[in-house]
Amino acid sequence: MQSLRLFLLALLCLCSGLLQAQPYASPTTENAKPKAMTVGEVIERIKENLTVEWQPGGVDTIKAGDWEQEVSGIATTFMATLDVLKRAYAQGANLIITHEPTFYNHLDDKTYFEDDPVFRAKMKFIRDHNMVVWRFHDYWHMTEPDGIFVGVVRAFDWAKYRDGDQQLFDIPATNLGALASELRKKFNTSTVRVVGSADMEISRVGILPGAYGMRPQVKMIRESDIDVLIVGESAEWETIEYVRDGLEAGIQKALIVMGHADSEEPGMQYCAEWMDTFIDEVPVIFVPAGNPLWTAE
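Using the working numbering, the letters of the sequence shown map in sequence onto residues 49 to 345.
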């Protein structure tokens, strides 16, 4: 009997030692998958990393899809075209962050397009593939520094020429024709348009990408000592004609119109890189929309 007691005591000590050496791990914690991000959680993460406080209203809202949709991947783009949606989905992204409208007007008002075949085809693809489109426009411009402009300056490779002001640059002396040709090659576009003589000497440049509108464009031309203003787009009866009349009046300031897409898309490429610094739960990619316009030979 004494021997049996000693054996049981030794066995108990051995089991106790094994339990201490190999603590129990609950399968609910060890084998649990990490919680997937929802669209709402991605948007909140973005808000946390901006330098400005988010306010209600504005155009930076979900345009299609659901706030609670689980995110498999994120794609940033200048424009959520149907082609972009398809390419993003093929790369595993179902949350599309677009800089510009998805439904052909600034507020993405769908009422005019409810029975439109183009609109229906786009919405069908979004719904069939559980995709979400969210616009990131105003606050990407408002954060410091302006996210679009960071990407644009990098694409121009002009950071070294900046003269204090984010939008003014002192570049090596050239002429207007050579500068326009350089931009055409650098951005691989055929739609660069120019107001002014090709041999006009250029060294100080202002950049207003996108569609700033006539007043900011004219203000920069009038109040800055620039030789040329580079813009994304301009209504043809506004800044374009102002510059033409100015040249006739002896005011030697030119205008280069790049096109909205070419002038801002690099900012959404930078957006993907920026987001990648604080989102690691899902992949973040950039899907270029490109410029749909071309010129005849």
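In this text, a Cβ means the ideal position worked out from N, Cα and C, and glycines have one as well. Quick caveat: nothing in here was measured; it's all calculated off a predicted structure.
Helix, strand or coil for residue i? Go by DSSP, reduced to three states.
i, result
"residue 111", "strand"
"residue 274", "coil"
"residue 182", "strand"
"residue 239", "coil"
"residue 100", "coil"
"residue 92", "helix"
"residue 119", "coil"
"residue 335", "coil"
"residue 287", "helix"
"residue 150", "coil"
"residue 159", "helix"
"residue 266", "helix"
"residue 330", "coil"
In whole angstroms, what separates the C-alpha of residue i from that of residue j?
i, j, result
"residue 136", "residue 298", "50 angstroms"
"residue 177", "residue 142", "8 angstroms"
"residue 126", "residue 337", "6 angstroms"
"residue 210", "residue 171", "43 angstroms"
"residue 85", "residue 251", "48 angstroms"
"residue 206", "residue 274", "15 angstroms"
"residue 315", "residue 200", "6 angstroms"
"residue 278", "residue 307", "10 angstroms"
"residue 96", "residue 258", "26 angstroms"
"residue 175", "residue 118", "14 angstroms"
"residue 203", "residue 236", "12 angstroms"
"residue 80", "residue 322", "Here residue 80 scores only 45 on pLDDT, less than 50, and its place in the model should not be relied on; the value that follows carries that caveat. Going from the Cα of residue 80 to the Cα of residue 322 covers about 29 angstroms."
"residue 286", "residue 262", "6 angstroms"
"residue 249", "residue 212", "22 angstroms"
"residue 158", "residue 106", "16 angstroms"
"residue 294", "residue 246", "16 angstroms"
"residue 167", "residue 138", "21 angstroms"
"residue 77", "residue 214", "The predicted position of residue 77 is uncertain, since its pLDDT is 42 and thus under 50; a value taken from the coordinates is nonetheless stated next. Taking the straight line from one Cα to the other gives about 50 angstroms."
"residue 133", "residue 173", "8 angstroms"
"residue 228", "residue 244", "11 angstroms"
"residue 339", "residue 129", "11 angstroms"
"residue 111", "residue 102", "18 angstroms"
"residue 265", "residue 325", "34 angstroms"
"residue 219", "residue 231", "13 angstroms"
"residue 319", "residue 192", "13 angstroms"
"residue 188", "residue 333", "17 angstroms"
So, under 8 angstroms CB-CB, residue i and residue j are touching, yes? Tell me the CB distance rounded to an integer number of Å.
i, j, result
"residue 239", "residue 98", "Contact doesn't hold; Cβ gap of about 32 angstroms is too wide."
"residue 281", "residue 147", "With a Cβ gap of about 14 angstroms, residue 281 and residue 147 do not count as contacting."
"residue 144", "residue 123", "5 angstroms"
"residue 121", "residue 330", "5 angstroms"
"residue 387", "residue 217", "Here the chain covers residues 49 to 345 and nothing more, so residue 387 does not appear."
"residue 140", "residue 115", "Not confirmed; about 21 angstroms, so no contact."
"residue 327", "residue 90", "7 angstroms"
I need the boundaries of the beta strand (DSSP E) containing residue i, first residue and last residue.
i, result
"residue 251", "249-256"
"residue 126", "Run containing residue 126: none; DSSP gives neither H nor E here."
"residue 217", "216-223"
"residue 302", "302-305"
Going by DSSP, what residue range makes up the alpha helix (DSSP H) through residue i?
i, result
"residue 174", "165-176"
"residue 143", "Taken as a continuous stretch (DSSP letters only), residue 143 belongs to no alpha helix (DSSP H), being part of the beta strand (DSSP E) at 143-146."
"residue 201", "195-204"
"residue 321", "308-323"
Checklist entry - For the region 180-196 against the region 260-276, are there 3 or more C-beta pairs whose distance is under 8 angstroms? => result no
Next on the checklist: Count Cβ pairs between the region 157-166 and the region 178-186 that sit closer than 8 angstroms; are there 3 or more?
Outcome noted: no
Checklist entry - At a cut of 8 angstroms, does the region 223-242 reach the region 286-306 through at least three beta carbon pairs? => result yes
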